[in-house]
Each structure stands twice: as C-alpha cells, then as structure tokens.
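Read the structure below first, then the notes.
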Amino acid sequence: MQNVLSAVSRRRRHRRGRRPVLAAVVVAAVALTAAACGSDDTASSDPSAASGVLSWSIPPLSTWDPVASNSGIDVTPLSLAYASLTRLMPNGDAGPGLATEWKFSPDGLTLTFTLRPGQTFSDGAPVDATAIKQNVERGKSQTGSQVAPSLAAIASVDATTPTEAVFHLSRQDYALPLVLGGRSGMIVSPRALAGDVKALATKPVGAGPFSLTNYVPDGQAELARNPTYWDAANIHLAGVTLKFLSDPATIAAALQSDEIQLANYISPPQAKALTAAGLQVEEFRSLQISNLAINRTIKPFDNPKIVEALNHAVNRQELLDKLNAGHGEVVYQPFPRGYVGYNPSLENLYAHDPAKAKALLTEAGYDGTPVVISYFTSPGGVDREVEAQLLQAQFEAIGLTVKLEKIPFGQVAERFYVKREVGLLLSGTFGREAPAQQLATTATQYSSYDPAALTEALKNVARFPIDDPGYAPALQEATKIAATKGSDVLVFSQPWLLAHSKKLTGLVGYLTSPRLEGVRLAA
36 MQNVLSAVSR
46 RRRHRRGRRP
56 VLAAVVVAAV
66 ALTAAACGSD
76 DTASSDPSAA
86 SGVLSWSIPP
96 LSTWDPVASN
106 SGIDVTPLSL
116 AYASLTRLMP
126 NGDAGPGLAT
136 EWKFSPDGLT
146 LTFTLRPGQT
156 FSDGAPVDAT
166 AIKQNVERGK
176 SQTGSQVAPS
186 LAAIASVDAT
196 TPTEAVFHLS
206 RQDYALPLVL
216 GGRSGMIVSP
226 RALAGDVKAL
236 ATKPVGAGPF
246 SLTNYVPDGQ
256 AELARNPTYW
266 DAANIHLAGV
276 TLKFLSDPAT
286 IAAALQSDEI
296 QLANYISPPQ
306 AKALTAAGLQ
316 VEEFRSLQIS
326 NLAINRTIKP
336 FDNPKIVEAL
346 NHAVNRQELL
356 DKLNAGHGEV
366 VYQPFPRGYV
376 GYNPSLENLY
386 AHDPAKAKAL
396 LTEAGYDGTP
406 VVISYFTSPG
416 GVDREVEAQL
426 LQAQFEAIGL
436 TVKLEKIPFG
446 QVAERFYVKR
456 EVGLLLSGTF
466 GREAPAQQLA
476 TTATQYSSYD
486 PAALTEALKN
496 VARFPIDDPG
506 YAPALQEATK
516 IAATKGSDVL
526 VFSQPWLLAH
536 SKKLTGLVGY
546 LTSPRLEGVR
556 LAA
C-alpha cells in the first residue's frame with residue numbers, strides 16, 4: 036500500500052471525482068480498501084484459514100474470455116477468475132491490482148506500471164510485464180475484441196523488466212488506470228493464449244481470487260480459492276459455486292432453503308418478501324441505469340424528433356414507482372446523481388409532457404409505422420414485461436402504434452448488438468470503469484445523432500488528468516452531448532439489491548460489480 040502513496044506523490048493519477056486534497060483522499064482510499072477487503076491480523080493466504088463454499092445465484096455469462104465478453108453481467112464472474120492490472124475500489128477509484136503503482140510522464144503519453152514480483156497464473160505461468168504486453172496486444176488486435184475501443188490510445192507496450200510495463204500512448208488518456216481495472220485489464224495466462232484461444236470461452240486461466248474447476252453452461256460453475264492470488268489474505272471462502280438460476284421464485288426458494296446464500300439482481304418486491312422471511316437484503320450504490328436502448332438506424336427512430344417525442348411521452352416517475360418501488364431516481368442522462376459525470380444542468384431535461392410529445396410526432400410526420408418494444412426476462416431486477424406494458428400504454432396515449440416482442444434472454448446480445456436488427460430494447464447499462472468509457476459506447480451511428488461531436492468531446496476529456504480541475508467540466512459537457520444527441524431514452528438509476536443469508540458477512544458495495552474480498556460464510 037505504501038507504493039500507492041509514493042506513486043501519487045510523484046504524479047497525479049488514479050482518482051475519480053472532484054476531491055480537493057489528493058494525498059488525503061488516497062490515504063482514505065487505502066484505508067477504505069483495507070476495510071472493504073476485511074483485513075485483520077489473523078488474515079492469511081493459507082488455504083486452511085478459508086472455509087465454506089458460497090453458493091451464489093447470478094445470470095449466466097456469455098463467455099469466460101474477457102476480450103470476447105459483450106455483456107456487463109459478465110464482469111462479476113470474470114472478476115472471480117481473473118485479476119486486473121488495477122482494481123477498482125468501492126468508490127470507483129483505481130487501486131492496486133496486479134500492479135502496485137503507476138505514473139504518467141509529464142506529457143501524458145507514457146504510462147508506466149510496476150507489477151508485484153513473484154505472481155503466477157493458475158497454470159503456474161509467471162504474471163510479468165511480458166504477459167501484460169501480450170494481453171494488451173491481443174485486446175487491441177483480436178478479431179471481435181470487445182475491449183479494443185477502450186485500449187485505442189495505447190500504441191505499444193514495452194516489457195522493460197519483468198516487473199515494469201511501459202505503455203506508449205498515441206494520445207493522452209488519463210482514465211486508463213480506471214479502464215484497466217475492468218475487463219480491459221483482466222490478464223490471461225500467456226500459456227493459454229499460446230494454445231486454443233477459443234477454449235477460454237469455457238476454461239478461463241487467470242490470476243484471480245478463484246480458479247474454475249467445473250463449468251456447465253446454463254447450469255453452474257464451481258470455483259476453488261486460488262492461494263496464489265495477490266490478495267489471498269482477504270479471500271476467506273474455500274470456494275464459490277455460481278448457480279445460473281433464472282426464475283425469481285426459484286431464487287427466492289433457494290435462498291430460503293439455504294441452497295444458495297447470495298443472489299444478485301433482486302427486485303424490490305422480492306426484497307420485501309425475502310426480508311420478511313428472515314434473509315438480509317442490502318442496497319448499494321451503483322452505476323446501473325434502466326433505459327430504452329434505441330437503434331437510430333431503424334425506422335422510425337432515424338428521425339430524432341420521434342425519439343424526442345418518446346422522451347416526453349415516458350412517465351419516468353410512474354415506471355420508477357411501479358417497477359422499482361422507488362429505489363433509485365429518475366434520470367435523463369447516463370449517470371446517477373452524485374457521480375463525477377453527472378451534469379446538473381440536465382435536471383428535468385425531458386419533462387413528462389404528452390401534449391408536447393404529440394406535437395413532436397406531428398412535426399416528424401409520423402406515418403403510423405409501428406414502434407416495436409422488444410424486451411426479455413431475466414432473474415430478478417426490473418420486470419421488463421410489466422415495463423413493456425406500461426410503456427405501451429404511455430406511447431399509445433400520444434398516438435403511436437405499438438407492438439410488443441419478447442426476445443429469449445440468450446438471443447438479446449446477438450440480435451441487438453451484433454445483428455442490429457432490433458429497434459427498441461428495454462434494457463439497462465451497468466456502467467463502465469471510467470465515465471468517458473461509458474459515454475464512448477454511445478458514440479456510434481447506432482446510438483447517436485451526432486457521434487462526431489461526442490467523439491471530439493471525449494477526446495477533450497482524455498486530455499485532463501482525473502484530478503485536474505478541468506476534468507469534471509469537460510466530462511459533464513460530454514455527458515450533455517450524449518444526453519441531448521443520443522437515441523437512448525434514459526429512465527431511472529438502479530442501486531444494487533443483493534439478498535443473502537445471515538450466515539454471510541463482510542459484503543461491501545462496489546459501484547461496478549460485487550466482489551468477495553472480505554466476505555465470510557459461517558458454518
């Protein structure tokens with residue numbers, strides 16, 4: 036931890052938000068990390084000190100390969116098998132991971148990471164600078180890479196010593212230490228990369244807190260504690276079994292029977308019933324936003340006035356109250372209130388105004404083309420079927436012709452994000468490790484009516500170290516462009532709702548994904 040402090044004193048870096056005194060913040064952040072990880076004098080990397088196998092219900096993941104992963108849901112299971120170059124702390128700042136420290140050059144075009152010595156992957160290969168170099172090069176160049184856009188500023192990586200990796204940048208990108216705390220920075224064993232890379236889809240080989248021992252897609256995954264994980268002293272579980280349960284009633288019954296001890300994506304109605312049954316339900320702040328994801332290349336959404344009409348037709352407060360029981364807040368932008376990317380000037384940007392929505396439809400020359408609301412059902416969280424019905428009524432009230440389409444959960448990513456054949460999908464964003472990274476996902480011809488303007492704004496954001504006074508204003512200007520020129524209809528923020536057995540203790544809230552450091556399971 037002292038290395039973190041020394042790195043900060045040498046160069047401004049790894050801080051998210053507008054904190055006035057960087058050194059004080061990092062001291063507090065280090066203390067927070069220790070507390071969040073459950074550090075104590077008795078913590079040990081000795082496997083015998085760990086006990087209990089946690090059974091955890093989560094949605095099925097798309098792949099165990101972080102480069103190929105195209106779903107925010109994947110981050111949670113991937114972070115069990117892989118360690119990232121940095122690790123995001125509970126408040127979203129970048130903290131130590133495989134690297135103990137990092138610093139930018141004065142011109143911001145060189146970023147040097149210092150790695151922990153003596154680390155190994157689960158297959159015994161060393162975690163060294165060469166492994167970092169190979170992973171970054173793969174992430175940038177592999178066909179179909181989902182992390183390539185996040186690594187675009189990296190021109191090359193030099194492994195100058197086994198514990199020093201030097202990133203040469205083609206442009207400034209001071210958010211990279213944040214970005215490399217997620218999928219983009221999850222490091223795969225070079226031995227696995229030298230073999231059949233496609234095998235990573237079902238056989239991850241990382242240096243994370245656990246190692247996969249058995250995997251049945253759409254069934255369950257069994258993982259054992261990894262004693263060589265750099266933070267093994269704070270992994271108190273002997274193992275984890277991920278159960279890919281899909282039915283909310285089944286999840287509730289499994290919690291009550293102790294078949295599972297932890298469940299993600301609990302809906303507010305479930306939370307109330309589970310609490311009454313004697314289980315613990317915890318609410319943590321998150322970056323999740325419920326939205327109507329719209330492909331603007333599909334008619335009638337190619338006309339921005341149609342989407343503006345939808346924005347004014349949606350009664351966000353009704354949806355928040357009926358779908359999330361008031362948990363969260365109405366939003367008009369891709370970040371929750373209080374986050375560094377949140378722009379206060381966008382409050383009430385699209386007030387609920389059916390009369391204005393009708394007028395906009397007339398201006399747009401709406402010809403009765405049906406608006407198809409596509410949705411899917413998944414375990415817990417927002418009931419998308421009910422949401423579709425509520426929106427159908429709200430849209431029909433302004434004169435839209437509406438049809439509903441239910442898509443099997445397993446087809447959602449392929450149909451909406453790959454084939455681009457779905458016009459409007461009820462969905463949500465999980466947030467990204469860096470706010471600019473989240474905004475960049477909408478700077479495309481499919482999600483923005485002016486992607487060039489958003490791209491330029493994001494380039495401006497990247498020029499500022501994240502503790503620079505100019506960072507937040509530049510970021511919030513990019514947020515404004517995303518909110519006013521984007522095609523998505525943003526509805527409300529969603530906090531994490533996690534239900535668990537009272538035998539489970541030590542759970543800490545993280546903005547982007549739950550983690551198990553510090554978690555214990557009593558017999």
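The working numbering puts the sequence shown at residues 36 to 558. By construction, the Cβ of each residue, glycine as well, lies at the ideal position given by its N, Cα and C atoms.
Measure the C-alpha to C-alpha separation of residue 389 and residue 486 and round it to an integer number of angstroms.
Position 354 of the sequence shown holds residue 389. Position 451 of the sequence shown holds residue 486. Rounded to whole angstroms, residue 389 to residue 486 spans 28 Å at the Cα level.
Measure the alpha-carbon distance for residue 547 versus residue 213 and round it to whole angstroms.
Along the sequence shown, one-based indexing puts residue 547 at 512. Along the sequence shown, one-based indexing puts residue 213 at 178. Distance between the alpha carbons of residue 547 and residue 213: 11 Å.
May I have a chain-ordered list of the beta strand (DSSP E) segments no shorter than 3 residues that lie completely inside the region 216-293?
Entirely contained in the region 216-293, the beta strand (DSSP E) runs reaching 3 residues are, in chain order, 245-251, 255-260 and 274-278.
For residue 170, collect the residues of the same chain with a Cβ closer than 7 Å to its Cβ; drop the 5 residues on either side in sequence, then sort them by chain order.
Indexing the sequence shown from 1 puts residue 170 at position 135. The beta carbon of residue 170 is closer than 7 Å to those of 222 and 223 in its chain, skipping five residues each way along the sequence.
Looking at the structure shown, is residue 541 part of a helix, part of a strand, or coil, going by DSSP?
One-based indexing of the sequence shown puts residue 541 at position 506. Residue 541 falls in the coil class under three-state DSSP.
Could you check whether residue 532 and residue 287 sit closer than 8 Å to each other, using their CB atoms as the reference points?
Position 252 of the sequence shown, counted from the start, is the residue given in the question as residue 287. Position 497 of the sequence shown, counted from the start, is the residue given in the question as residue 532. No.
What residue from 270, 148 and 166 has the CA that sits closest to residue 156's CA?
As a working note, residue 156 is residue 121 in the sequence shown. Nearest option by C-alpha distance: 166.
Apart from the five residues just before and just after residue 177, which ones in its own chain have a Cβ nearer than 7 Å to its Cβ?
Counting from one through the sequence shown, the residue named residue 177 turns up at place 142. Result list for residue 177: 102, in chain order.
Whole-angstrom Cβ separation of residue 524 and residue 345, contact assumed at under 8 Å?
Numbered from its first residue, the sequence shown carries residue 524 at position 489. Numbered from its first residue, the sequence shown carries residue 345 at position 310. The Cβ separation is near 5 Å, so the contact holds.
Mind checking whether residue 241 and residue 259 have CB atoms under 8 Å apart?
Position 206 of the sequence shown, counted from the start, is the residue given in the question as residue 241. Position 224 of the sequence shown, counted from the start, is the residue given in the question as residue 259. Cβ distance not < 8 Å, so residue 241 and residue 259 don't count as in contact.
Grouping DSSP H, G and I as helix and E and B as strand, with all else coil, what is residue 133?
Counting from 1 along the sequence shown, the entry for residue 133 is found at position 98. Residue state, collapsed to three classes: coil.
Determine the closest residue to residue 506 out of 116, 135, 541 and 208, with distance taken between C-alpha atoms.
The count along the sequence shown starts at 1 and reaches residue 506 at position 471. Here the closest residue by C-alpha is 208.
Using only the heavy atoms of the ligand FMN, determine whether one of them is closer than 7 Å to the beta carbon of residue 118.
As far as ligands go, the structure on display features none, and thus does not contain the ligand FMN.
Relative to the alpha-carbon of residue 277, which residue among 299, 271 and 270 has its alpha-carbon at the smallest distance?
Indexing the sequence shown from 1 puts residue 277 at position 242. With distances taken between Cα atoms, residue 277 lies closest to 299.
Going by beta-carbon coordinates alone, are residue 270 and residue 556 separated by less than 8 Å?
Working through the sequence shown from its first residue, we reach residue 270 at position 235. Working through the sequence shown from its first residue, we reach residue 556 at position 521. Not a contact, by the Cβ cut-off of 8 Å.
Applying the 10 Å Cβ sphere with the 16-neighbour rule, what's the burial state of residue 218?
As a working mapping, residue 218 is identified with position 183 in the sequence shown. With 16 or more other Cβ atoms within 10 Å, it is buried.
Classify residue 468: buried if its beta carbon has 16 or more other beta carbons within 10 angstroms, exposed otherwise.
For the purposes of this step, residue 468 is taken as the residue at position 433 of the sequence shown. Residue 468 should be labelled buried.
Taking all protein chains shown into account, do 16 or more other C-beta atoms lie within 10 angstroms of the C-beta of residue 249, making it buried, or fewer, making it exposed?
Indexing the sequence shown from 1 puts residue 249 at position 214. So residue 249 counts as exposed.
Give the DSSP-derived three-state secondary structure of residue 214 in the structure shown.
Here residue 214 corresponds to residue number 179 of the sequence shown, with the count starting at 1. Reduced to three states, the DSSP call for residue 214 is helix.
Where residue 132 and residue 125 are concerned, what is the direct C-alpha to C-alpha distance, given to the nearest angstrom?
Here residue 132 refers to the residue found at position 97 when the sequence shown is read from its first residue. Here residue 125 refers to the residue found at position 90 when the sequence shown is read from its first residue. Roughly 14 Å separates the two Cα atoms.
From residue 285 to residue 174, what does the alpha carbon distance come to, in whole angstroms?
Within the sequence shown, numbered from 1, the residue matching residue 285 stands at position 250. Within the sequence shown, numbered from 1, the residue matching residue 174 stands at position 139. When rounded, the distance between both Cα atoms is 38 Å.
Please look up how many angstroms separate the CB atoms of residue 226 and residue 158, rounded, as I've assumed it's under 8 Å.
Taking the first residue of the sequence shown as 1, we reach residue 226 at position 191. Taking the first residue of the sequence shown as 1, we reach residue 158 at position 123. Going by Cβ atoms, the distance from residue 226 to residue 158 rounds to 5 Å, so yes, they are a contact pair.
Assuming residue 210 and residue 475 form a contact by the criterion Cβ under 8 Å, report the distance between their Cβ atoms to the nearest whole angstrom.
By 1-based counting over the sequence shown, the position of residue 210 is 175. By 1-based counting over the sequence shown, the position of residue 475 is 440. The pair is not a contact, with the Cβ atoms about 10 Å apart (cut-off 8 Å).
Is residue 331 buried or exposed, if buried means 16 or more other CB atoms sit within 10 Å of its CB?
As a working note, residue 331 is residue 296 in the sequence shown. By the neighbour-count rule (16 or more Cβ atoms within 10 Å), residue 331 is buried.
Hey, residue 348 and residue 392 are a contact pair by Cβ (cut 8 Å); roughly how many whole angstroms apart?
The residue labelled residue 348 in the question sits at position 313 within the sequence shown. The residue labelled residue 392 in the question sits at position 357 within the sequence shown. About 4 Å separates the two Cβ atoms, so the contact holds.
If the criterion is Cβ atoms closer than 8 Å, does the pair residue 253 and residue 95 meet it?
Residue mapping note: residue 253 aligns to position 218 of the sequence shown, counting from 1. Residue mapping note: residue 95 aligns to position 60 of the sequence shown, counting from 1. Yes, these two residues count as a Cβ contact at 8 Å.
Would you mind reading off the limits of the beta strand (DSSP E) that contains residue 315?
The residue you call residue 315 lines up with position 280 of the sequence shown. Start and end: 315-329.
What does a CB cutoff of less than 8 Å around residue 323 pick up in its chain, not counting 5 residues either side in sequence?
The sequence position of residue 323 within the sequence shown is 288, counting from 1. Around residue 323: 463, 464, 465, 466, 528, 529, 530 and 531.
When you compare the CB positions of residue 216 and residue 111, do they come within less than 8 Å of one another, or not?
Sequence index remark: in the sequence shown, residue 216 carries index 181 (1-based). Sequence index remark: in the sequence shown, residue 111 carries index 76 (1-based). Going by C-beta atoms, residue 216 is not nearer than 8 Å to residue 111.
Looking at the structure shown, is residue 377 part of a helix, part of a strand, or coil, going by DSSP?
For the purposes of this step, residue 377 is taken as residue 342 along the sequence shown, with counting starting at 1. Coil at residue 377, not helix or strand.
Which of the three DSSP states, helix, strand or coil, is assigned to residue 382?
As a first step, residue 382 is located in the sequence shown; it is residue number 347 there, counting from the start. Three-state DSSP puts residue 382 in coil, outside helix and strand.
What number of angstroms, rounded off, separates the C-alpha of residue 434 from the C-alpha of residue 343?
Against the sequence shown, residue 434 aligns to sequence position 399. Against the sequence shown, residue 343 aligns to sequence position 308. The alpha-carbon atoms of residue 434 and residue 343 are separated by roughly 14 Å.
Beta-carbon within less than 7 Å of residue 407's beta-carbon, same chain only, minus the 5 sequence neighbours each way: which residues are those?
Looking up residue 407 in the sequence shown gives position 372. Take residue 407, set aside five residues on each side of it, and the residues of its chain with a beta-carbon closer than 7 Å to its own are 438, 440, 458 and 459, in chain order.
I'd like the list of long-range same chain contacts for residue 146, defined as Cβ closer than 7 Å, with 5 residues on each side in sequence excluded.
For this step, residue 146 is matched to residue 111 along the sequence shown. When the five nearest sequence neighbours on each side are left out, the beta carbons in the same chain lying within less than 7 Å of the beta carbon of residue 146 are those of 137, 139, 202, 204 and 211, in order along the chain.
Enumerate in chain order the residues of its own chain whose CB-to-CB distance from residue 72 is below 6 Å, with the five nearest sequence positions on each side excluded.
Numbered from 1 along the sequence shown, position 37 holds the residue referred to as residue 72. Caution is warranted here: a pLDDT of 42 is assigned to residue 72, below 50, making its placement in the model unreliable, and the coordinate value is therefore given only provisionally. Residues 269, 552 and 553 of the same chain have their beta carbon placed closer than 6 Å to that of residue 72, with the five preceding and five following residues left out of the count.
If we ignore side chains and look at the alpha-carbon of each, how far apart do residue 290 and residue 537 end up?
Position 255 of the sequence shown, counted from the first residue, corresponds to residue 290. Position 502 of the sequence shown, counted from the first residue, corresponds to residue 537. Rounded to whole angstroms, residue 290 to residue 537 spans 11 Å at the Cα level.
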